[in-house]
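Only one structure is covered here, and it is reproduced in the block below.
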Amino acid sequence: AGWLNAVKGSAQELEGSAQEYVETVVDAVEGLTRSIFVFAPDGTLVQTPRGATIVDFAYTQDIGNQMLMAKVNGVPTHP
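Here is the structure:
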């Protein structure tokens, strides 16, 4: 994931204290908890804001008007 590469890169470039490194890692992890990761029909991984619904996601993929159902954790779900 991109965030992990960012943390790795910042660790290699960081000349400061261990505290600065820990703060960088914590910021990256907190960023993940504010997001939901969803697989699009074509298999790409899409990051959406926490609290987004399946309908919100469908409209980010330009399929919202055609959506009939979705799978959440492998279980068919209606919008």
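Going letter by letter, the sequence shown gives residues 2 to 80 in this note's numbering.
Idealized CB from N, CA, C, for every residue including glycine.
Since we're looking at a predicted model, the values are computed, not measured.
Straight-line CA distance for residue i to residue j?
{"i": "M70", "j": "T34", "result": "26 Å"}
{"i": "G65", "j": "V26", "result": "35 Å"}
{"i": "E21", "j": "A29", "result": "13 Å"}
{"i": "M68", "j": "E24", "result": "41 Å"}
{"i": "P80", "j": "T61", "result": "15 Å"}
{"i": "V76", "j": "D63", "result": "22 Å"}
{"i": "R51", "j": "A59", "result": "15 Å"}
{"i": "S36", "j": "T49", "result": "6 Å"}
Since residue i sits in a beta bridge, which residues does DSSP pair it with?
{"i": "Q48", "result": "F38"}
{"i": "T78", "result": "A71"}
For residue i, which residues in the same chain have their Cβ closer than 6 Å to its Cβ, ignoring the five residues on either side in sequence?
{"i": "V47", "result": "V39 and A41"}
I'd like the list of long-range same chain contacts for residue i, defined as Cβ closer than 7 Å, with 5 residues on each side in sequence excluded.
{"i": "N74", "result": "none"}
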